[in-house]
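Remarks on the structure that follows.
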Amino acid sequence: MRIGIIALAVALGLTGMTTAPAWAVNPDEVLSDPVLEARAREISKGLRCLVCQNQSIDDSDADLAKDLRIIVRERLVAGDSDAQVVNFAVARYGDFVLLKPPFKVATLALWLGPLAIAAAGLMAVVMFFRRRRSVGASAQTSSAAIAPKSLSDEENRRIEEILKDTSA
Amino acid sequence: MFNRLIYILPLTVFLIMAVYFAIGLTKDPKILPSALIDKPIPEFVLPPIEGGPGKGFSSADLRGKGVSVVNVFASWCVPCRIEHPQITRLAQLKVATLYGLNYKDKPENALKWLAELGDPYAAHGADPRGRVGIDFGVYGIPETFIIDNNGIIRYKYVGPIDAARLEKVILPIIKKFSK
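Here the protein sequences come in this chain order: C and U. Note that my numbering numbers the first sequence so that position 137 is 137, with each residue one more than the last. Note that my numbering numbers the second sequence so that position 26 is 26, with each residue one more than the last.
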């Protein structure tokens, strides 16, 4: 029983070790004030690491990412607002440093493009069904015009002849 | 007629997108446009490389003395070594004052590097924590900035400068802002 408990504890410990995420944020960077630290984490997640480019500075182990994480925390401690901290990074590295691109004239196509394409697709679908319905409706109303002509006298006479032959 | 045209619309849209993507593929995503072009240089004071003969330099040195070039280098940076002959040549041409920003380097390594390869800089300063580098928007060295007489950053190049780039890009820009 006791061995079982130890084994269980070891097993739990091992799974804990393997599933623990590899934090890029080092313990010595973490601020003692949990509120500021939470804000720093949130800001860091939105800032791109310029060395690895598809990671945030919160995720990255690169030196520059570490420097920027420390700067983010320093500025928060100095009393900067979140926006001021983000602007600090944007002033130096441009909008590219933001993982979420800002909504402005230069990025209109980026933000509204997918919406415009979806709207165009929806319109195409609506137009398709409308047209199909109107084609169907006009087929019904114009059925008289394209209805077959009645048989001529000659044709009637021939039918009678044929019918007579078969019945005979 | 219009009904027929609508069938080639998807193809047209595809072709337009394909052209954009094809152009996009030729661009190096590692090279970022600098946010600091046409902006004033950050304010800084760089101390000399510790134990060296230099005197460091500051943002004040980059204003009112003609065109300056700030070259960000480090002894640990292999491409910096590759571009060193071109940087030396740029210094010899005396078309601009050349400053060296020694980025996140150990002083003894930096001094050894300069002694070994030659020191082309009018002045160099040490940025061991990379803070001035971050103010300059540095993310991957070597980086080279061309700064006009008023302390406005006019051009930035990320990566080693080769002979062709020096001749065709760097020198003409220096000339343009020297007037």
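Think of the CB as a built atom: it goes at the ideal place given N, C-alpha and C, for glycine as much as any other residue.
CB contact below 7 Å: residue i versus chain U
i	result
aspartate 28 of chain C	no
proline 148 of chain C	no
phenylalanine 129 of chain C	no
phenylalanine 103 of chain C	no
aspartate 59 of chain C	no
aspartate 67 of chain C	yes
leucine 64 of chain C	yes
isoleucine 47 of chain C	A small fix is needed here, since residue 47 of chain C is leucine in this sequence, not isoleucine. It does not: the Cβ of leucine 47 of chain C has no partner Cβ on chain U nearer than 7 Å.
leucine 98 of chain C	no
leucine 108 of chain C	no
leucine 50 of chain C	yes
Where residue i falls: helix, strand or coil (DSSP)
i	result
proline 40 of chain U	strand
leucine 98 of chain U	strand
aspartate 127 of chain U	strand
serine 56 of chain C	strand
tyrosine 20 of chain U	helix
alanine 22 of chain C	Bear in mind that a pLDDT of 49 at alanine 22 of chain C, under 50, signals an unreliable position, so the number given afterwards is only what the model happens to contain. DSSP places alanine 22 of chain C in coil when its eight states are reduced to three.
valine 132 of chain U	helix
phenylalanine 103 of chain C	coil
arginine 39 of chain C	helix
proline 34 of chain C	helix
cysteine 80 of chain U	helix
glycine 113 of chain C	helix
serine 150 of chain C	coil
Strand pairing of residue i, partner residues [DSSP]
i	result
isoleucine 87 of chain U	Answer is none; isoleucine 87 of chain U lacks a bridge partner.
leucine 98 of chain C	C:Leu47
tyrosine 139 of chain U	Answer by DSSP bridge pairing: none, since tyrosine 139 of chain U is not bridged.
leucine 46 of chain U	U:Phe57
isoleucine 146 of chain U	U:Val69 and U:Tyr155
tyrosine 103 of chain U	U:Asp127
Check: residue i C-beta below 6 Å from any heavy atom of the ligand MG
i	result
aspartate 135 of chain U	The ligand MG is not part of the structure shown, which contains no ligands of any sort.
Taking a Cβ distance cut-off of 7 Å, strictly less, list which residues of the segment 131 to 146 of chain U are near chain C, in chain order.
Ile134, Asp135, Gly137, Tyr139 and Gly140
Could you run through the segment 24 to 42 of chain U and flag, in chain order, every residue whose CB is less than 9 Å away from some CB of chain C?
Pro29, Lys30, Leu32, Pro33, Ser34, Ala35, Leu36, Lys39 and Pro42
With a threshold of 8 Å, are at least 3 pairs of Cβ atoms found where one atom belongs to the segment 59 to 74 of chain U and the other to the segment 136 to 151 of chain U?
yes
Per the contact definition of three or more C-beta pairs closer than 8 Å, is the segment 87 to 105 of chain C in contact with the segment 31 to 50 of chain U?
yes
Contact list for the segment 79 to 94 of chain C against chain U, Cβ threshold 8 Å
Val90, Ala91, Arg92, Tyr93 and Gly94
Would you call the segment 50 to 60 of chain C and the segment 91 to 103 of chain U touching, i.e. three or more CB-CB distances under 8 Å?
no
Would you call the segment 122 to 133 of chain U and the segment 34 to 43 of chain C touching, i.e. three or more CB-CB distances under 8 Å?
no
Answer yes if the segment 129 to 138 of chain U comes into contact with the segment 37 to 56 of chain U, meaning at least three C-beta pairs across the two stretches below 8 Å, and no otherwise.
yes
Taking contact to mean at least 3 C-beta pairs separated by less than 8 Å, is the segment 97 to 107 of chain U in contact with the segment 72 to 85 of chain U?
yes
If you pair each beta-carbon of the segment 20 to 28 of chain U with each one of the segment 103 to 119 of chain U, do three or more pairs fall below 8 Å?
no
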